[in-house]
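Chemist: If you read the sequences in order, they're chains R and E.
According to this note's numbering, the first sequence is numbered sequentially starting from 29.
According to this note's numbering, the second sequence is numbered sequentially starting from 40.
For glycine and all other residues, C-beta sits at the position ideal for the given N, C-alpha and C.
All of these numbers come straight from a predicted model, not from anything done at the bench.
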Amino acid sequence: MKKPLYGLTALFDTPDALMQAVDETVKAGYTRYDVHAPYPLHGLARAMRLKPSPLGYFALVFGLLGAVSAVGLMTWITLVDYPLVIGGKPFWSWPAFVPVAFEITVLLASVLTVVSMIVIYFKFPNISHPLHDTPFMKRVSSDGFGICIEAADPLFEEARVRGMLTSLGGKDVGPVYFDVEDLNHGQKVFDLKFVGLLAGVGLLVSIITYLGLNVMLYMKPFNWMMEQEKLKPQAASALFSNGIGMRPPVEGTVARGFLPYPYKGRPEDAGRYLVNPLPVTKPVLDLGREKYLTFCSPCHGNFGRGDSRLAGQFPNPPTLHSDKVRDWPDGSIYHVMTDGQNVMPSYAAQVSRDERWAIVHYIRVLQRAHHAKESDLQ
Amino acid sequence: MSTGLVDYTREEPVVAGRPTASEIDAAISAPLDQFPTRIWWIGFGITSTMLAIGVLCVGITLWSGVGTWGINQPVAWGFDIVNFVFWVGIGHAGTLISAILFLLRQRWRNGIARFAEAMTIFAVMCAAIFPLLHTGRQWLPLYLMPYPNQHGLWVNFTSPLLWDVFAVSTYLTVSAVFWYLGLVPDLATLRDRTTHPVKKLIYSVFSLGWRHSGRHWHHFERAYLILAGFATPLVLSVHTIVSFDFAVSVIPGWHTTIFPPYFVAGAVFSGFAMVQNSLIVVRQMFKLKHLITLDTLEKMNKVMIVTGSMVGYAYAMEYFIAWYSGSQFELFVFINRALGPYAWAYWTMVACNVIFPQLFWFKKVRRSIPLMFGIGVLVNVGMWFERFVIVVTSLSRDFLPSSWGHYVPSPVDVGILVGSLGLFFTLILVFVRVLPVISLAEIKSVLPGAQPERHEHN
Numbered sequence: 029m030k031k032p033l034y035g036l037t038a039l040f041d042t043p044d045a046l047m048q049a050v051d052e053t054v055k056a057g058y059t060r061y062d063v064h065a066p067y068p069l070h071g072l073a074r075a076m077r078l079k080p081s082p083l084g085y086f087a088l089v090f091g092l093l094g095a096v097s098a099v100g101l102m103t104w105i106t107l108v109d110y111p112l113v114i115g116g117k118p119f120w121s122w123p124a125f126v127p128v129a130f131e132i133t134v135l136l137a138s139v140l141t142v143v144s145m146i147v148i149y150f151k152f153p154n155i156s157h158p159l160h161d162t163p164f165m166k167r168v169s170s171d172g173f174g175i176c177i178e179a180a181d182p183l184f185e186e187a188r189v190r191g192m193l194t195s196l197g198g199k200d201v202g203p204v205y206f207d208v209e210d211l212n213h214g215q216k217v218f219d220l221k222f223v224g225l226l227a228g229v230g231l232l233v234s235i236i237t238y239l240g241l242n243v244m245l246y247m248k249p250f251n252w253m254m255e256q257e258k259l260k261p262q263a264a265s266a267l268f269s270n271g272i273g274m275r276p277p278v279e280g281t282v283a284r285g286f287l288p289y290p291y292k293g294r295p296e297d298a299g300r301y302l303v304n305p306l307p308v309t310k311p312v313l314d315l316g317r318e319k320y321l322t323f324c325s326p327c328h329g330n331f332g333r334g335d336s337r338l339a340g341q342f343p344n345p346p347t348l349h350s351d352k353v354r355d356w357p358d359g360s361i362y363h364v365m366t367d368g369q370n371v372m373p374s375y376a377a378q379v380s381r382d383e384r385w386a387i388v389h390y391i392r393v394l395q396r397a398h399h400a401k402e403s404d405l406q
Numbered sequence: 040m041s042t043g044l045v046d047y048t049r050e051e052p053v054v055a056g057r058p059t060a061s062e063i064d065a066a067i068s069a070p071l072d073q074f075p076t077r078i079w080w081i082g083f084g085i086t087s088t089m090l091a092i093g094v095l096c097v098g099i100t101l102w103s104g105v106g107t108w109g110i111n112q113p114v115a116w117g118f119d120i121v122n123f124v125f126w127v128g129i130g131h132a133g134t135l136i137s138a139i140l141f142l143l144r145q146r147w148r149n150g151i152a153r154f155a156e157a158m159t160i161f162a163v164m165c166a167a168i169f170p171l172l173h174t175g176r177q178w179l180p181l182y183l184m185p186y187p188n189q190h191g192l193w194v195n196f197t198s199p200l201l202w203d204v205f206a207v208s209t210y211l212t213v214s215a216v217f218w219y220l221g222l223v224p225d226l227a228t229l230r231d232r233t234t235h236p237v238k239k240l241i242y243s244v245f246s247l248g249w250r251h252s253g254r255h256w257h258h259f260e261r262a263y264l265i266l267a268g269f270a271t272p273l274v275l276s277v278h279t280i281v282s283f284d285f286a287v288s289v290i291p292g293w294h295t296t297i298f299p300p301y302f303v304a305g306a307v308f309s310g311f312a313m314v315q316n317s318l319i320v321v322r323q324m325f326k327l328k329h330l331i332t333l334d335t336l337e338k339m340n341k342v343m344i345v346t347g348s349m350v351g352y353a354y355a356m357e358y359f360i361a362w363y364s365g366s367q368f369e370l371f372v373f374i375n376r377a378l379g380p381y382a383w384a385y386w387t388m389v390a391c392n393v394i395f396p397q398l399f400w401f402k403k404v405r406r407s408i409p410l411m412f413g414i415g416v417l418v419n420v421g422m423w424f425e426r427f428v429i430v431v432t433s434l435s436r437d438f439l440p441s442s443w444g445h446y447v448p449s450p451v452d453v454g455i456l457v458g459s460l461g462l463f464f465t466l467i468l469v470f471v472r473v474l475p476v477i478s479l480a481e482i483k484s485v486l487p488g489a490q491p492e493r494h495e496h497n
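(1) What did DSSP end up calling Pro236 of chain E once you bin it into helix, strand or coil?
(2) Mind listing which residues of the segment 209 to 221 of chain E have their C-beta closer than 7 angstroms to chain R's C-betas, in chain order?
(3) Below 8 angstroms between beta carbons: does that hold for Ser170 of chain R and Asp64 of chain E?
(4) Here's the rule: buried if 16 or more other CB atoms are within 10 angstroms of the residue's CB, otherwise exposed. What is Gly288 of chain R?
(5) What do you get for Pro491 of chain E, buried or exposed, if any count of 16 or more other CB atoms within 10 angstroms of its CB means buried?
(6) Using a threshold of 8 angstroms, state whether the C-beta atoms of Met102 of chain R and Phe125 of chain R are closer than that.
(7) Is there at least one Cβ from chain R nearer than 8 angstroms to Gly253 of chain E's Cβ?
(8) Phe464 of chain E and Thr86 of chain E: beta carbons closer than 8 angstroms?
(9) Measuring only the C-alpha atoms, how far is Ala155 of chain E from Arg406 of chain E?
(10) Taking 8 angstroms as the CB-CB cut-off, is Phe152 of chain R touching chain E?
(11) Here's a check: name, in chain order, each residue in its chain whose Cβ is nearer than 7 angstroms to the Cβ of Leu251 of chain R, leaving out the five neighbours to either side.
(12) Considering Cα atoms alone, identify which of E:Val393, E:Cys391, E:Ala270 and E:Ile120 is closest to Leu142 of chain E.
(13) Restricting to Cα atoms, I'd like to know which of E:Trp193, E:Ala138 and E:Val281 is closest to Gly128 of chain E.
(14) Look at the alpha carbon of Gly35 of chain R and the alpha carbon of Tyr205 of chain R, and state the distance between them as a whole number of angstroms.
(15) Measuring straight from C-alpha to C-alpha, what distance separates Ala49 of chain R and Asp207 of chain R?
(16) Thinking C-alpha only, which one of R:Ser265, R:Gly280 and R:Leu69 is nearest Gly273 of chain R?
(17) Going by the beta-carbon positions, is the gap between Leu201 of chain E and Ala167 of chain E smaller than 8 angstroms?
(18) On a CA-only basis, which of E:Val314, E:Met339, E:Ile81 and E:Asp452 is nearest Phe161 of chain E? Give me that one, please.
(19) So, helix, strand or coil for Asp41 of chain R, using DSSP?
(20) In the DSSP assignment, what are the bridge partners of Ser252 of chain E?
(21) Work out the CA separation of Thr42 of chain R and Pro58 of chain E for me, nearest whole Å.
(22) If you follow the alpha helix (DSSP H) that Lys221 of chain R is part of, which residue opens it and which one closes it?
(23) Can you list the beta strand (DSSP E) stretches of 3 or more residues lying completely in the segment 64 to 139 of chain E, in chain order?
(24) Going along the segment 60 to 75 of chain R in order, which residues come within less than 8 angstroms of chain E, judged by CB to CB distance?
(25) Determine the DSSP secondary structure at Val431 of chain E, reduced to helix, strand or coil.
(26) Based on the DSSP output, what are the partners of Gln369 of chain R in its beta bridges?
(27) Cβ of Ile391 of chain R less than 8 angstroms from any chain E Cβ?
(28) Residues of chain R with CB closer than 7 angstroms to the CB of Asn188 of chain E, please, in chain order.
(29) Counting pairs of beta carbons, one from the segment 302 to 321 of chain E and one from the segment 163 to 182 of chain E, are three or more of them closer than 8 angstroms?
(30) Would you check if the segment 256 to 267 of chain E and the segment 139 to 152 of chain R touch, i.e. whether three or more CB-CB distances between them fall below 8 angstroms?
(31) Which partner residues of Phe173 of chain R appear in the DSSP bridge assignment?
(32) Taking 7 angstroms as the limit between beta carbons, can you name the residues of its chain near Gln499 of chain E, skipping five residues before and five after?
(33) List, in chain order, every chain R residue whose beta-carbon is nearer than 7 angstroms to that of Gln490 of chain E.
(34) Once the 5 residues before and after Phe259 of chain E are set aside, which same chain residues still bring their CB inside 8 angstroms of it?
(35) Find the residues of chain E that neighbour Glu178 of chain R, judging by a C-beta separation of less than 9 angstroms, and give them in chain order.
(36) Phe222 of chain R versus chain E: which residues are under 9 angstroms apart at the beta carbon?
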């Protein structure tokens with residue numbers, strides 16, 4: 029079966045001869061033709077009357093897409109989804125976004141522009157062409173300059189074209205034919221074989237990712253950090269007979285910063301051995317007054333007389349101004365607060381050690397105020 | 040051509056002699072068609088051994104952890120980061136030659152751009168190993184990337200260490216795309232030359248059906264220009280971001296605004312030294328001296344004087360600022376560099392980076408292959424030491440004397456460095472056997488008589 033004619037090709041010796049031939053071809057009105065050279069020739073695009081390549085606009089669009097999406101992602105992350113508190117710095121720290129945004133801009137603009145060119149202009153993956161593997165292509169790949177005028181051109185007429193090319197100095201003027209398979213090839217990007225290849229690659233990548241992240245990471249040695257000897261809360265443990273990892277503190281354990289009260293149940297020793305460690309200064313007395321009014325005054329009254337507004341509703345405490353209390357050492361008063369006495373419970377949980385000593389000083393102030401002497405006025 | 044006067048009205052020819060396009064095809068394709076020579080095998084044997092040592096040491100690191108390295112407190116960054124910055128720096132020369140010299144219309148780049156760009160990709164591949172290894176859990180590299188995950192976590196976008204991730208991966212990708220784009224016409228030429236069926240299939244697939252069509256060249260040139268235009272700020276940004284790893288911290292000796300331009304100049308400097316060294320070997324091995332001419336090498340040496348002087352100026356400026364700032368800590372760091380426990384590294388750096396490259400002012404040195412090769416090696420050594428001095432001296436002695444420490448690299452550290460050199464040179468040796476070392480299309484386009492005369496009249 030006679031293969032259909034694709035076009036006529038001709039080779040030229042020098043770039044200038046080629047350019048002249050291009051001019052004549054354009055002048056003669058041919059539009060379905062192409063010029064071939066092993067490297068780009070200056071002025072060829074102009075001679076062929078080619079429109080400027082729009083790839084620059086592609087790069088602009090892809091670059092802007094990259095910039096906007098990068099800044100958008102970073103903004104959403106740092107303002108909405110996962111704001112990091114870093115020394116009170118603003119959450120939207122745009123100077124920090126510049127490097128990543130720039131890189132993504134360049135990446136998308138460069139890669140997608142090249143991919144677009146390959147898909148749109150080189151018609152990837154439909155890359156086969158009648159000119160491949162012809163002697164014309166072999167020359168043009170190496171050192172030849174050539175023109176091919178397609179038979180599909182409306183002005184094409186084999187004899188006329190052959191004559192024109194020969195008269196312009198063209199050598200090896202000859203025909204190129206279509207391959208039968210090429211004829212049946214559509215110009216679709218979504219060719220079945222290609223889509224199948226992409227799907228296969230996608231499947232392979234998915235399988236590898238799954239195996240890597242969900243299987244391999246749980247195998248030795250990658251899982252060594254996940255399996256640690258330490259006991260986690262609520263975890264079982266084979267070390268202990270009842271299998272429970274969490275244990276109550278051992279008998280006699282003392283909390284950090286806590287010292288057990290040594291005079292529990294021994295008021296005489298407390299009075300004998302405990303000494304008020306705080307000095308009598310205004311801040312200490314202010315603290316003592318504040319804590320006394322908070323914790324002690326509901327029962328003992330604001331001035332220690334035992335006459336609070338709760339009087340009558342419960343067994344009143346004795347006055348703090350009795351001789352007994354005034355003669356008591358500081359340690360005895362401290363002991364009553366710490367250990368409790370009769371109806372009064374221990375206030376050690378509510379009032380700290382220092383605060384209790386400060387209250388002791390304040391009580392002394394109240395006592396002195398109630399038994400003021402002439403000499404106190406000086 | 041050896042009179043003192045230079046005629047600047049006429050551009051020097053890029054290639055020597057007047058080779059034809061087919062002669063160029065033959066010369067550059069020759070290594071691809073022949074079985075490797077014995078010298079190649081010897082070289083490959085050496086570099087593979089180095090690579091094997093590296094693989095072993097990386098395996099030790101993966102198994103036992105980064106405790107096998109010499110890093111400690113306070114010197115938590117040692118050879119790992121020094122090597123990372125070193126390799127990223129070397130990569131920069133390739134992009135500068137490919138992209139920046141293209142934008143500046145320096146035709147002499149055409150003979151060396153392909154090789155230099157390949158070196159960039161290999162150097163960045165070597166560099167990328169180190170940040171990955173130093174993370175500790177190297178099998179979780181995806182933690183470096185922002186993706187929605189069940190921890191509800193995102194990466195910290197305010198950290199220069201993260202900017203590095205984006206910068207280096209973008210640099211690797213864009214350089215690879217740029218390099219591949221330039222390769223497409225050459226792969227088509229090789230496809231049309233070869234008769235071996237497997238090679239023909241591979242070339243056919245990867246040449247994307249290129250048929251040297253003028254319409255395609257039109258788009259190709261536009262895409263190439265766009266990529267060169269993007270790659271230029273990219274390469275400047277990448278090493279700037281790498282310098283931010285240090286400059287954004289507060290350590291004396293690191294926290295200085297001179298770092299971005301200083302690092303970029305240093306990167307170009309060390310990269311050019313590596314490219315120059317490699318080209319000298321390649322042009323000798325493959326008899327390409329007429330295509331990678333002495334003029335081209337001389338121009339590269341001139342670039343080395345410029346960048347080397349910039350680096351030397353930066354060294355002096357650091358000292359001036361250390362004094363002028365009045366900061367006791369800053370001043371101490373620089374006195375410590377010159378006189379402290381790592382003074383031997385510092386003075387090696389100064390000798391190799393500042394003193395020896397200045398010999399390139401002399402034309403005889405610039406045009407002597409053995410001398411320029413030697414100076415190139417010294418520059419590479421000096422630039423490695425520069426990164427060592429920056430990282431280790433500032434960390435080992437920073438603010439508080441009670442926190443001072445000392446760093447000694449472990450054998451595993453040294454093994455990984457040797458391995459990275461092995462990887463780099465192995466990749467280069469494989470590259471020169473598999474792909475054309477010089478861009479066929481680009482070098483043909485600057486031959487005398489390659490372009491039509493008439494376009495100048497338009």
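Modeler: In brief:
(1) helix
(2) Thr209, Thr212, Val213, Val216 and Leu220
(3) yes
(4) The question names Gly, but residue 288 of chain R in the sequence shown is Pro. Pro288 of chain R comes out exposed.
(5) buried
(6) yes
(7) yes
(8) yes
(9) 20 angstroms
(10) yes
(11) A quick correction: the sequence has Asn, not Leu, at residue 251 of chain R. Closer than 7 angstroms at the Cβ level, and outside the excluded window around Asn251 of chain R, lie Leu245.
(12) E:Ala270
(13) E:Val281
(14) 7 angstroms
(15) 28 angstroms
(16) R:Ser265
(17) no
(18) E:Val314
(19) coil
(20) R:His64
(21) 15 angstroms
(22) Leu220 to Tyr238
(23) none
(24) Asp62, Val63, His64, Ala65, Pro66, Tyr67, Pro68, Leu69, His70, Gly71, Leu72, Ala73 and Arg74
(25) helix
(26) R:Met372
(27) no
(28) Per Cβ cutoff of 7 angstroms: no residues; Asn188 of chain E is ~10 angstroms from chain R at best.
(29) no
(30) yes
(31) R:Phe40
(32) The structure shown does not extend to residue 499 of chain E, since chain E is modelled only from 40 through 497, so no value can be given for it.
(33) Pro43, Leu69 and His70
(34) Leu220, Val223 and Pro224
(35) Chain E residues near Glu178 of chain R: none, gap ~12 angstroms exceeds 9 angstroms.
(36) Going along chain E, no residue has its Cβ under 9 angstroms from Phe222 of chain R, so there is no contact; the nearest lies around 12 angstroms.
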